[in-house]
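Q:
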Amino acid sequence: MPYQHLRLGTAPDSWGVWFADDPHQIPGSTYLDEVRSAGYTYTELGPYSYLPTDPDVLGEELARRDLVLTGGAVFAGLHRGVAGLEQAKRDCDVEAATLKPLGAKYLVLLPEGYTDLEGKVVAPDTLGDQEWTSLTDGLTELGAHVKAEHDLELVFHSHADSHVRTYTEVARLLDRTDPASVNLCLDTGHLAYYEVDSLQIVDQFPERVRYVHLKQVDTVIRARAHLEHLGFAPAVALGVMIEPPLGEPEMPPLLDALERLGREIFCIVEQDLYPCEPTKPLPIAQRTREYFAGCGLQSAGPIKR
Numbered sequence: 063m064p065y066q067h068l069r070l071g072t073a074p075d076s077w078g079v080w081f082a083d084d085p086h087q088i089p090g091s092t093y094l095d096e097v098r099s100a101g102y103t104y105t106e107l108g109p110y111s112y113l114p115t116d117p118d119v120l121g122e123e124l125a126r127r128d129l130v131l132t133g134g135a136v137f138a139g140l141h142r143g144v145a146g147l148e149q150a151k152r153d154c155d156v157e158a159a160t161l162k163p164l165g166a167k168y169l170v171l172l173p174e175g176y177t178d179l180e181g182k183v184v185a186p187d188t189l190g191d192q193e194w195t196s197l198t199d200g201l202t203e204l205g206a207h208v209k210a211e212h213d214l215e216l217v218f219h220s221h222a223d224s225h226v227r228t229y230t231e232v233a234r235l236l237d238r239t240d241p242a243s244v245n246l247c248l249d250t251g252h253l254a255y256y257e258v259d260s261l262q263i264v265d266q267f268p269e270r271v272r273y274v275h276l277k278q279v280d281t282v283i284r285a286r287a288h289l290e291h292l293g294f295a296p297a298v299a300l301g302v303m304i305e306p307p308l309g310e311p312e313m314p315p316l317l318d319a320l321e322r323l324g325r326e327i328f329c330i331v332e333q334d335l336y337p338c339e340p341t342k343p344l345p346i347a348q349r350t351r352e353y354f355a356g357c358g359l360q361s362a363g364p365i366k367r
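The structure is reproduced here in structure tokens:
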């Protein structure tokens with residue numbers, strides 16, 4: 063039986079898109095064409111200005127392909143205190159000006175990383191107590207701002223090579239933030255990169271899981287990345303994120319657990335592929351959609367506004 067509450071979508075990340083403009087990436091128009099060709103209905107915005115930011119222009123591009131926008135993402139350094147929070151508010155305001163008119167509901171907040179594209183450590187890999195307070199209090203305030211000003215829902219995304227990556231760190235963040243303001247974007251791949259069980263997160267924090275990024279991890283490349291201290295970006299270049307069902311976590315039990323939550327949840331395929339050849343993503347996206355369809359997870363259905 064198809065899942066009644068889960069909606070399958072995809073994101074520019076699954077086409078190797080990490081930046082607004084980069085010679086390694088396909089044009090935004092090609093991305094949208096291939097999303098439709100691969101059989102998806104729902105898409106995220108991707109890096110701001112990769113796709114058109116004028117909601118009228120983007121709305122026409124989406125409508126022409128029968129696509130629906132689910133949300134967008136913003137990187138922020140809330141652990142930096144007032145300056146980081148104010149910058150995050152400005153960035154969210156800009157993003158919301160595109161998302162809100164198109165009916166998108168979710169704004170995904172990603173923390174700054176401590177490694178660069180070469181895997182070099184460029185910042186401390188842990189936070190002090192005051193930085194944790196700035197992060198969690200800042201998230202609560204930012205979520206309240208996003209909700210009051212734009213009627214969008216802020217969901218926090220744990221991330222490899224960031225200060226919130228392990229089960230303990232995710233739990234600490236959820237314990238110290240207000241669920242009325244901010245909840246969780248469950249990214250199965252970034253959690254699995256640190257051998258965190260996504261099912262445990264769903265079981266322990268069922269009310270906080272509001273949005274999902276689906277991806278799997280190649281366990282052999284993961285082991286190599288940690289053993290050799292490669293950093294996340296080099297690991298991605300080696301193929302650490304892999305299409306299902308070739309990696310971890312196992313998807314059917316996770317989808318069953320998400321369905322039992324009993325509320326509509328977008329499950330966005332977000333397989334990091336940067337950098338990649340332009341012809342590589344589409345066949346993967348097609349196979350991935352077909353795999354999830356076989357699990358009962360469809361990319362169409364009613365949307366509650």
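Number 311 in our numbering belongs to position 249 of the sequence shown; there are no gaps in the numbering. Note that beta-carbon positions come from the ideal geometry of N, C-alpha and C, so glycine has one too.
Count the other C-beta atoms from every protein chain shown that fall within 10 angstroms of the C-beta of residue 278, then say buried if there are 16 or more, exposed otherwise.
A: By 1-based counting over the sequence shown, the position of residue 278 is 216. Classified as buried, residue 278 has 16 or more neighbouring CB atoms from the shown chains inside 10 Å of its CB.
Q: Return the CA-CA distance between residue 297 and residue 174, expressed in angstroms with no decimal places.
A: Residue numbering aside, residue 297 sits at position 235 when the sequence shown is read from its first letter. Residue numbering aside, residue 174 sits at position 112 when the sequence shown is read from its first letter. Roughly 18 angstroms separates the two Cα atoms.
Q: Would the region 154-164 and the region 197-211 be scored as touching if the rule is three or more Cβ pairs under 8 angstroms?
A: yes
Q: Can you look up residue 204 in the DSSP assignment and give me helix, strand or coil?
A: Residue numbering aside, residue 204 sits at position 142 when the sequence shown is read from its first letter. Reduced to three states, the DSSP call for residue 204 is helix.
Q: Would you say residue 168 lies against chain D (beta-carbon separation less than 8 angstroms)?
A: Annotation note: the requested chain D is absent from the structure, which comprises a single protein chain.
Q: Is the region 156-170 touching the region 183-203, taking contact as three or more C-beta pairs under 8 angstroms?
A: no
Q: Along the chain, where does the alpha helix (DSSP H) containing residue 351 start, and where does it finish?
A: Here residue 351 refers to the residue found at position 289 when the sequence shown is read from its first residue. That run of the alpha helix (DSSP H) goes 343-357.
Q: Just the C-alpha distance for residue 180 and residue 293, rounded to the nearest angstrom, thanks.
A: Within the sequence shown, residue 180 is the residue found at index 118, counting from 1. Within the sequence shown, residue 293 is the residue found at index 231, counting from 1. Roughly 7 angstroms between the two C-alpha positions.
Q: Work out the CA separation of residue 102 and residue 361 for me, nearest whole Å.
A: Taking the first residue of the sequence shown as 1, we reach residue 361 at position 299. Taking the first residue of the sequence shown as 1, we reach residue 102 at position 40. Taking the straight line from one Cα to the other gives about 5 angstroms.
Q: Can you find the residues in the same chain that come closer than 7 angstroms, C-beta to C-beta, to residue 117, ignoring five residues on each side of it along the sequence?
A: Locating residue 117 in the sequence shown gives position 55, where the first residue counts as 1. Only 160, 163 and 164 meet the Cβ criterion.
Q: Taking buried to mean at least 16 other C-beta atoms within 10 Å of its own C-beta, is residue 192 buried or exposed?
A: The sequence position of residue 192 within the sequence shown is 130, counting from 1. Its Cβ having fewer than 16 others within 10 Å, residue 192 is exposed.
Q: If you follow the beta strand (DSSP E) that residue 134 is part of, which residue opens it and which one closes it?
A: Start at 1 with the first residue of the sequence shown, and residue 134 comes out as number 72. First-last of the beta strand (DSSP E) with residue 134: 130-138.
Q: Are there any heavy atoms of the ligand ADP lying less than 7 angstroms away from the beta-carbon of residue 122, as far as the coordinates show?
A: Only the bare structure without any ligand can be found here, which leaves the ligand ADP out of the picture.
Q: Which residue's Cα is closest to the Cα of residue 318: 264, 270 and 336?
A: Position 256 of the sequence shown, counting from 1, holds the residue named residue 318. Ranking the options by Cα distance to residue 318, first place goes to 264.
Q: From residue 320 to residue 68, what distance separates their C-alpha atoms?
A: As a working note, residue 320 is residue 258 in the sequence shown. As a working note, residue 68 is residue 6 in the sequence shown. Straight-line Cα distance between these residues: approximately 8 angstroms.
Q: For residue 369, which of helix, strand or coil comes out of DSSP?
A: For the chain, the structure presents residues 63 to 367; residue 369 sits outside this window and is missing.
Q: Smallest Cα separation from residue 301: which of 211, 337 and 138?
A: Here residue 301 refers to the residue found at position 239 of the sequence shown. Taking only the C-alpha atoms, the option nearest residue 301 is 337.
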